[in-house]
Structure formats: structure tokens, C-alpha cells
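Residue numbers -23 to -1, 1 to 1241, in mature numbering (1 follows the signal peptide of the UniProt record, and there is no 0), belong to the letters of the sequence shown in order. Just so it is clear, CB atoms sit at the ideal spot from N, CA and C, and this is done for glycine as well. Just so it is clear, the structure is predicted and the values come from calculations on it, not from any experiment. Right, one structure below, let's go through it.
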Amino acid sequence: MDPNGPQWLYFLGFFNFVPVMRSFVPSENNHQNECKSNYEKVNLRFDSDTSIRESNLSIKFRWIFRRMKRFFIFKSLSNKFMLIFIPLTLLLLFSVHLYVQIQSSKFINESSKEIRSRNIESESEASNLSRITFSHPFRSYNFAQQIDEVRLSLEKQKKTYQWIRNKFDEAQLKIKHSFDDWYIDRPFLLKFYCNRSSYDICRKYVKRSANIVMEQIYDDLSFENLDGGVWKQGWPFSIQEKDFDITKPKLKIFLVPHSHNDPGWIKTFDIYFQRQTKRILTNAIEFMTKHPKMKFIWAEISYLSMWWKSTDALHRDMLKKLIQNGQFEIVTGGWVMNDEANTHYWSILFQMIEGHEWLEENFAFHPRHGWAIDPFGSSPTMAYLLNEMNFRGMVIQRVHYSVKKHFARNLNLEFRWLQHWSRIDSSNQDIVCHIEPFYSYDIPHTCGPDPKICCQFDFKRLPPGKPKCPWKVNPQVINANNIEERVKILLDQYRKKSKLFRSRSLLVPLGDDFRFEEIKEWKNQYENYKKIIDHINSHPELNAQIQFATLKDYFDSLLSEIDLNDLPTLSGDFFTYADRDDHYWSGFYTSRPFFKRFERTISSHLRATDILFSIATILNCQANILNHTNELNENLTNEYKFARESMALFQHHDGITGTSKDFVMIDYAKRMFKSFRIMEKIMTISLKHLLRRSMPKLKFMHFNVDKQQPTHLFRFKPGFKKYFILYNSLGWALESQNFCFELNLETENDMKNYCLIRSQSDSIHDEVESIQINFLWSIISNQFISDKREICFRPKIKALSLTQFCFGECQCPKHADKKIHSSFATLYNSVQENNIVTKQNHDGRLLFLKNSIPNITIENELISLTFDSSNNGLLKSWSYLDTETKTWKTFDVSVKLMMFGTSLERRSQKSGAYIFIPDNDEPKILENISKPQIKVIVGTIESRYEWNVAKPFPIHLVFSLSRGRPIVEFRAQFHLKPVIESNYELLVRFEIPNIDNGDRFYTDLNGFQVQSRKRFNKIPLQGNIYPMNTAAWIEDKNYRFSVISAQPLGVSSLRSGTLDVFLDRRLLQDDSRGLNQVVTDNRFTIESFRLILEPLNSEIHQTDPSVPFFPLQTMIEIQTLVYPIIGLVAEQEFHSEPLFETSHSTLTFLKRSLPVDLWLVNLRVSLTKTRHLAIWLHRMRLHCFSDCRLEGQNGFNFSKYLCSDIISKLDEKIHKSQLSLSSDVGFKKEIFSLNQVINLQPMRIIAFKLFKSKECESPNVTIF
């Protein structure tokens, strides 16, 4: 076949049916602007007599086949099929025949005829492709963008293609206007998950290529742990004097004194401050004031703010002067030096805001340089956030020793860190990063490759002081007799270290944990180094310049010396960290999971509190509504600050990681629990001001600090009713989330007069909710609890709103009892003596069966789960409804509880709080499991399968299916009790043999982005464990299985077809990383997950490993799991009065739901600047098939979404800000109006400063 002849057009014959899968998104009843619902398929029909074979295609035109195939993939936007048939021929001319019938059933005939006339010569070649019909009154096409790419390859027809494109643009514009009018009035289109394709966005997206890709580095490295001599993890190397002679550029050495102060670790935050940190800061300020050439950097604002409160005005002024003259530099400026593995991106940003806001208020200072020398691995999310805060450089330390060695050999220890999703047309999305090359950040490992020599220049260790150098050669006081010899030795180390970098600017950190505490150390370090500095600088033949410095001094020199384009670019992350041998720090991903879950719960409530308090502040013209709370007789501003600061404190890299002493972890928890109670006060005050009426003290539902119970307990008596509020803090309406609470019935009551209504003052319009009543059993004893019931229902809650409900005898309308549905409960292996079958009015049926576990199935409309009696009653198979064929497809999906121990070798490293060292290459099935007691609940709203065992320790697993939802709720409750006297690494394995993922799997990073992972056999098992903050999945070309997590944990795919999630760990030894204690303070822990099994289209759905993004369904489920519906109820037990006294049951703050790919990160009011608020928006990027365009393109208009009352109370002008909000002179200021369309690029987080209107008055608020 002639590749230049007309035969290449025959590729059109290969078009086939392309399924377009739909899923669910939460919706509201009015003003919907999201995407089409339901699972549907677009059928493209072609009638052709031509027989085509793909093998005849020229390689030259195969790419055209792939792209033109996608050209004909369109979506149906209703429940009807839209039939499309387009004559398209390319020979010498390009022929397109298009007929479009719009809502009025008219075709775009004129455009079609003109296209045909321009291409009449090729009509005969494609006579069988000359007609297309369609029956739907509305459609939206993206022809122009598809033609763009084809046009590039067919240069001979440029004029024709441009003419065709213009015609398509005209047609598409007409269709768009029709779409806007037709679509906005059809709220039924938005069901569950939006899935409208935006091929223009996907196709235009071209990522930036990085010089260094971390996965490729891992592919290339052998990970041989060879002895490098004095530099154990490097190699022996020497330098040549000619490289440093006077003809070469001068070596510039920057000594950066620092003191790393952990806000909690071996001691609590308060004890550290009182015993050490307070003296460190005071001595630093006093000493540097007397010695102007001494410099110092500081990172932890939590300590600095505490020192500021405790010191006098004189010392405050001294510090201000030191900051102004550049002696004292604040680096990073976060409240803490945060962890980067377990932290959510908003939590990272939150603690940065706390620190930067404090610096702005007290010093008008904005940091420009990052300093992260102790977090156990580094995430590109942190690099992105720093870059968006207008930082220009960052320093990291804890990187795998083999990676450091590789980078050092290739002079890549300084690079520009960019995101793997960075677009080729985007700029300023990378940040200069410096990696310290040696083992640690202490002085023995920072001056050069030989720690024995470097330790001799740590002058705190001067005899007879402590600590001593472990290499048994201690420092000497520098004097005239030894200075030449000392300088020669030290300069040799500096020169060797400099050979690992591209520039002649050398960073040498000078410090360690809690250094510079005593004034003696300040004198020893300063006086001895001063002599070395003077000697080197006064001898030109040494061709070196040395000084005390800050990070600013170093980066000033580096960036003036080297062109940024000469630095390589890097994409990827630095997990999992190993400091030596096979000691991988993957244990802390899971250590103390109770506290990890606790933090995520508190964080979601704090965000919700921030948003509601901000709205109340906007709608009330008082400067600070917290200072006008007479009934509480307290200033809540300081308490609110404490709540925010406590949450920021726990983001510390020894806090959320679970790597502090037991009593320190308890101290963190007490602070957060106190914050939780403060948030309840703030919620009460906010609603009081929103409703302009007295409000009883409110408390959060769904929370128990001891057991984190997922339901709230109401105490009921005859004739009683209870009002409660459900608060949706998301920018999307919710209709598919279940909400449950418990009843404690004081008397026997069949609940025949009870109902649950969406409460309004006019009971005629009350809306009765359908409820499901479940019986309750003790998790531990499996005994039936006769006086308790669980009530579940599915509320419909608008975007960013509060809705009041009433339960009990709430003037229930007639036939309200028809809305009450009791579940059917079956118990297997029950502890009951006899089989019992009972039936009571409204109480359903109880069936106790003894010593019998058959195969059991629970199901909803979309999913069926089967549990195997031969597998201890755990999950056996998963069936889903194929909506195309209307048939059920079944796959083997098993759940296994497994465990690791720790290494059994006598002298080997053991697992500890930080490190995971398993005893085998494969986990073992959990042994000695007692007979499981199983409860099956089948209801109209939710069906559950509950699996409970008492040995080897209490474990309770719950699988739930909710009506109409394509996901499985999975909850694991357990307690690794102290009776277990062995090392336990508990994990759950999801095994799906049908998915052949090979060695590839995916995890999220900080809930912000997705990182492709690859399992490497050349590194030990523990090196293949990665952090999962919110989600992980495996997939092949046909299917994807995802686990969405409400808490950060460790995850891996240890073999193809499996996904392993670590649940908890109990360790009987320390891992020699400084904590000096075992991990045995295990608590009763509840962990929540959502599971998704979904079919994929191999050409569209499959994740690109190089640029992975969240699937839409996964992204929606993450947000609703991490930020669930929040319940509020009067603290008084038998309070029965309505909480809303309005004509409606709902407070709504948005006109309509936000676009599905736009995430309201937070709305936050400043507690110090009375008019200042800020809003953060995150434009998420979904993988290509499920990308929904924002506002049709990339724009966002505040006035289109915020309710009119909020808009009226805000200043018309809004200011785009860097993410931490501090005023930075280097940041490009942009000012917009509230009704202006603002561009938001995918993946970007953008902050805007809002201001309360100066003309703010106080008319009646009408936000109902």
C-alpha cells in the first residue's frame, strides 16, 4: 500500500463503540452547572462497504488514527442517545459533512453544504461516509481543538482547515448559547459524579520534562551499599590543588549557625521551652547584639512566639534590629518544621499561615528560604507550597543515602524542583532546592566527607566539656601555634564538599538539636571560628572567602553566580527515606494511628469552624464578634488562637508521625481536645450572630475522644423530641451521604409516634425523612443492647449550608410511620444460648443462628459483596452492575488480615517508631483467630456485614453498602492490647487477581497530588512501603481498585493484584533513632476507608504513570470522607426547643454548587486584622476523561457563587495573595473585582484576600 496514496484514509473504518462511564456527584435542587449523570454509552455508527485492515496502515499515519478516533467520541447529556454520523474525508482536500439539530430540531445545514462544496473532489472516495444523523435536541462539541492537532500534520491544506475551523467555531458558539439556557434549569443532570470530558484541556496539556525523574533514578541505581571509607556512604576521593589555585574562581564558604528545636519529642513543648529553648533565644539575641558579625537562623515560630510573650520590651527591640540588619534570619517561618509524609496539604499550609501571620504582625517580615533538615523524607507538595509563597530556595537533608551519592557524583545536589504535572507553558512553578550530601545535619557531618575531622571543629565539644567526639579526637582551641595546621585540615574538607556541587558557593550548616543553649557555647564557636575566618580571608593564596552567614547570604551568592537554566530540573519525591543499610523509615507512616485519625477529625472540624465563623463575621459589622459575647464573659479570641496553634503544633515532624514519647503524644492530644471544645464555643457564637437570637451551647455530634465513636447518642423518653443541625462545609451539595446517630431509650417504646423531619416553624411544610432503624450489639461481647437503637438517614444538604432536623415526636404528619423502615438483622456464631426469632412493631426482626456461617451476600443496586465461610467469613467476591449490558460482572476480591513481625537476627536492626524491618518477605495470615461472630444488617438505606473476633486481639470489621452508591464503606476497629507480647505490624490486604498491575501502583501525596509508584525487587520490602495520605490504587488496562482513607497510613502493593494497607504496629524495642522507647501505647482505634472497583477504557481511563491525577470518583469520595457532614446539637441533654427560629430550615451561603473540580480549601478570618479575610481555592486536575471545565474554561466568578448578602458586605476589590497571606514585596500584586472572571489553572491553589466593606451596616440578614 502506498503510504502517500489515498488508502490511508481507510483508517476511518476502524472506529468502534466507545463506552463512556458515568458516576455520581452530589447535587442540589437549584442552579446546577455541573456535568451529566448516569452511566451511558455513545454509539457511533458508520456504514461502509470498504473492508479495512489496521495492518495496512502506514506507521506514519497511526498517530492520526488514534487522534481521529477520539475526534468522534462525544458524550450524551441526557438519558437519550445522541447519534452522530459525520462524513469526514481527507485526500487532497478535507471533507466534513455536519448536520446538527439543536433544541428547536433545526440542523446547521448551511455550514454542512459549504464544507461539501469545498471538498467535492473527495466526495466519491467516501460516499459511504457522507451522512450523519442525530436525534437529541442538545449537544456540545469540541471539534476545533481536535482539528488543531490534525492540521499540524497536514500542512498542504492549511487554508482549508482554517476555514473549516472557523465554521465549527461558529456552530459551536451557537450550540453553547443553547446549552447554557437549556442546562441551567435541569438539576436532575447532576447525579453523583460529574464526567463531562474536556478534550480541549486534556489535549492542550503538555507537561514540562524534567532532567531528573526520581523513578528513573531508582531504575538506574543498583543500591549497593559499599563502604566509602571515611565517607561511609560515599566514595574515597581527593582533590587537586590546581582546582583551587589563584586562577580559579574563589571558593565562598557560608557558615550558617542554627539550633534545631523540636516542639515536642523527648519532652513536651512547654518543658522544652522552659528548660532549653527560652535560654537559646535569649542568649542568641544578647550575644549577636554584642557581636555584629555573628549570624543565626531560626525556623520554629511556635517557640519564637512563646519567647516573645515571656520576654521584655528591650529584648523584643533587640530581636527586631537583628532581623532588620540581617543577622537573625527566620527560615521557612512555619509554626513548626512540619512532617511531609502524613500531613494533609491544608494542614501544612495552615501551620505556615499561623507562623507567617505572626511574623507579619510582629516584624512585617516574610521568609524567602525553606529549611527542612529533619522531616523524614521530602514531598514535592512542600516545594510547590513554598514556591507559591514566593520562596526562592529551600534546603533539605533526609534523602536516601544512595540517592545522595548518585546526585553527588553527577553534581545534582542543587536543582530546580518542579511538579510532575507542571505545564510546558507555565512559568515560575519550580524552586531551587539544595540537598546536604552527608549523613546528618550535625556539625560532624556538614563540613566535609570525613566526620572525624569535622567533629574536631565543633567547639562545644572542647575538653572537658561534653559531648565528646565519638571518633576519639576532640577539638582544639584555635591559637597562633596551630591555626595554619587547623585551617589546612578544615579547608581541605570544605574544598572536597564543594566538588560535589556546580557552584563555588558552599553552604556549611553549623549546629544541631537544641544547640547554642549556653553562653559558653556561643563564645567557643564564635571565637574559634572567628580566628579561622580571619586567617582564611587574610591569605589570598588560599583563594577562599569565609563568613558567618544566613540562608539569604548563601542563596544571594548562589543565584548571582549560576544561571538558573544551568541547574537541572527534578520531578518526583524523596520517599521512602533510608539513612543507612536497609533501615528504611517507613514505620512512622503508621505509628500511633489513633492520633493520626484524631488529628484528621479535629482538622476537619476546625476548617468547618473557620468557614462558619468567617461568614458570621462578614454578615455582622462588629470588629470581632468574639469580643461581644457577654453571656460567656470571656474573650474567645485568645482561645480561638490556641485552637489554631494547637492544630498547627501537631503537624511537627515528631507529632503527627507518632514518634514522640508516650506522655508527649498525650500532651498533643490534650491540646487538640481542648481545641475541639473551643470550636464548639465558636460554632455557638457564630450561629448566634447569624440567626440574631440566643443560642444554647452547642456540641459536636459524632465524637468520643476515648473511642472515636462514629455515632452520637441521644437520650430519649416518651413524648420527647430533639433538634439538631447538619452542616455541609463543602462547596458541593450532598445527597448520597448517610448520617447516623444512636438513641438511648429510657423506657420500652416502640417509637410508633416518632419521625424525623427537616424542621420548619410551619409544620405544614415539614419534610419527613425516611429512616432506617438498626439494633445495636456490643462490639466486645456481641451481646444485644436492648435499650439502644441506631437511626440512619440520607439528608439532602445544599452546598455550604446548615439544615435543621427534628427527631422524636415532632408533630409528625399522618402516615409518617411509612417513612420508618426497620432493618433485618441476622447473627451467626452468636453467643446466645438458643435460636431466637422475634418481631416487634417498628423494631424489625432479630434472628440468632448458632454455629453457622454460610456464604453471605449483601448488595445494593450497583454492587454485590459475597463473604466466604471458608475464609473465616471475610470478603470473597465483588460483583458490579455493567450498565451497558445490564448484566452483573463478578470478580474475586478478597480481604485478608495479615501481619509482620520484626527481624529475628540477633544483631540486626529491629523495627521501632521510625523504622520498619520485617521478619519475612511476605506477610503472614493472622493466626489464632477466634471464631468470628457475624452480624448482617439489611435495610432500605444501608446494608452492613459486621465481622467481630476477640482473639488474638479485638478486631471489628464493617463492610457497608448504601443505596445507589457505587462504593463500599469499610471500617476497621481494633485494639492491639498489651497482652500481646510480640512485635505486630497489622495490615489488611485487598487481593484482586483480575487486576494485573505488575509492579505499578499509585499513592497520593498530602491529599494534593498523585505519585506513581513502582515496586523494586532490588530494594528490601520495607523500602517499597509509601505514605498514603488519602488514597491509593492499583489498575491495569481494564480495571482499577482504589482505597480511600480517612487517616494517613503506610501502603504498598507487595505483589501484582494486591494492595496492602498497614493499620497499626506494636513494637517491643527502640530503633536507636533517639526516641529511646518502645511503641506499646496502642489504643482502641477506628479507621475508615472507602473502596472502589471500576472498569476502565484502556484508551481513555487508564492513568498515565508519568502524569497521574485523581480519578473524579476518587476525588469526590476523598473530600466527603475527609470533610464529612458535621452534626451540631444542644449540649443540654433534654433540650427540645428548635435551634432555628426562621421560616426555613436551612442557612445557605452559596447561590449554587461550585464546579466539581473546584475545591473550597478554606475561608478564614484574621483574628488580629478586623477587616481581613482570606479564601483559598484549589482547582483540581482530574485525569483526562473526567476533567470538567470550570466556568466553561478556567475562570471563576465570586459574585456568581457567593450569596448576595455576603457580596454586599464585602469590599468590591479582592487581592490575589501568596498562599500564607503575608505581605511580600517580591510578590506580584493583582487586584480583581468580585464580579470579574478570574483565571484558575488546574492544580493551582490560589489565595485571595477579602475585606469587609467600609460602609458595612447592619440591616436584617436574609440568607435563608
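Counting along the chain, where does the alpha helix (DSSP H) carrying residue i start and finish?
| i | result |
| --- | --- |
| C431 | P428 to C431 |
| N192 | For clarity, residue 192 is Glu in the given sequence; the question names Asn instead. Looking at the DSSP string, the run of the alpha helix (DSSP H) that includes E192 is M191 to D197. |
| L953 | Premise fails: L953 is in no alpha helix (DSSP H) and is neither H nor E. |
| M295 | A290 to Q301 |
| E622 | L613 to L626 |
| D469 | I460 to S475 |
| E576 | P570 to L596 |
| G442 | Neither: G442 is in no alpha helix (DSSP H) and is coded neither H nor E. |
| F493 | Neither: F493 is in no alpha helix (DSSP H) and is coded neither H nor E. |
| M642 | D639 to L668 |
Evaluate residue i with the Cβ neighbour count: other Cβ atoms within 10 Å of its Cβ, from every protein chain shown; 16 or more gives buried, anything less gives exposed.
| i | result |
| --- | --- |
| S563 | buried |
| A585 | buried |
| W312 | buried |
| L1044 | buried |
| R1158 | buried |
| F844 | buried |
| L150 | Residue placement at L150 is poorly supported in this model, since its pLDDT is 48, which falls under 50; the coordinates still yield a value, given next. By the 10 Å Cβ count, L150 comes out exposed. |
| Q760 | exposed |
| D558 | exposed |
| F1039 | buried |
| P955 | exposed |
| S130 | Low local confidence applies: a pLDDT of 48 at S130 is under 50, so the model's placement there is unreliable, with the coordinate-based value given in what follows. Label assigned to S130: exposed. |
| H792 | exposed |
| V926 | buried |
Is the Cβ-Cβ distance between residue i and residue j less than 9 Å?
| i | j | result |
| --- | --- | --- |
| I1208 | K1193 | yes |
| Y700 | Q781 | yes |
| E495 | N238 | no |
| Y805 | Q910 | yes |
| L963 | R1042 | yes |
| E616 | F478 | no |
| G941 | N848 | no |
| G488 | K573 | no |
| D869 | P1072 | no |
| I756 | R766 | no |
| S1113 | F697 | yes |
| R966 | L881 | no |
| L779 | L675 | no |
| A802 | K912 | yes |
Quick check on the DSSP output: the beta strand (DSSP E) that includes residue i runs from which residue to which?
| i | result |
| --- | --- |
| G1034 | Run containing G1034: none; DSSP gives neither H nor E here. |
| L1135 | L1135 to V1142 |
| N315 | No beta strand (DSSP E) contains N315, which DSSP labels as neither H nor E. |
Could you check whether the Cβ of residue i sits closer than 8 Å to any heavy atom belonging to the ligand GTP?
| i | result |
| --- | --- |
| F1209 | Of the ligands one can find in the structure shown there are none, so the ligand GTP has no counterpart to examine. |
Could you check how far apart the C-beta atoms of residue i and residue j are, in whole angstroms? I think they sit under 8 Å.
| i | j | result |
| --- | --- | --- |
| L483 | Y471 | 6 Å |
| G1027 | T546 | That belief does not hold up - the Cβ atoms of G1027 and T546 are roughly 29 Å apart, past 8 Å. |
| P344 | V308 | 6 Å |
| F551 | M271 | The pair is not a contact, with the Cβ atoms about 33 Å apart (cut-off 8 Å). |
| V1133 | H1155 | No, V1133 and H1155 are not in contact; Cβ-Cβ is about 13 Å, not under 8 Å. |
| V450 | K473 | V450 to K473, Cβ: 18 Å. No contact. |
| W348 | I274 | 7 Å |
| A593 | L667 | 5 Å |
| H560 | D351 | Not really, about 16 Å apart at Cβ, beyond 8 Å. |
| M678 | S652 | About 17 Å; that fails the 8 Å criterion. |
**Prompt:** Fully enclosed by the stretch 857 to 901, which beta strand (DSSP E) runs are 3 residues long or longer?
**Reply:** 864 to 869 and 871 to 877
**Message:** Please give me, in chain order, every unbroken run of the beta strand (DSSP E) with length at least 3 that falls completely inside the stretch 984 to 1051.
**Reply:** 986 to 991, 1003 to 1005, 1008 to 1012, 1016 to 1022, 1026 to 1029 and 1035 to 1043
**Request:** Tell me the start and end of each unbroken beta strand (DSSP E) in the stretch 912 to 955 that is at least 3 residues and wholly inside, in chain order.
**Result:** 919 to 926, 932 to 939 and 945 to 951
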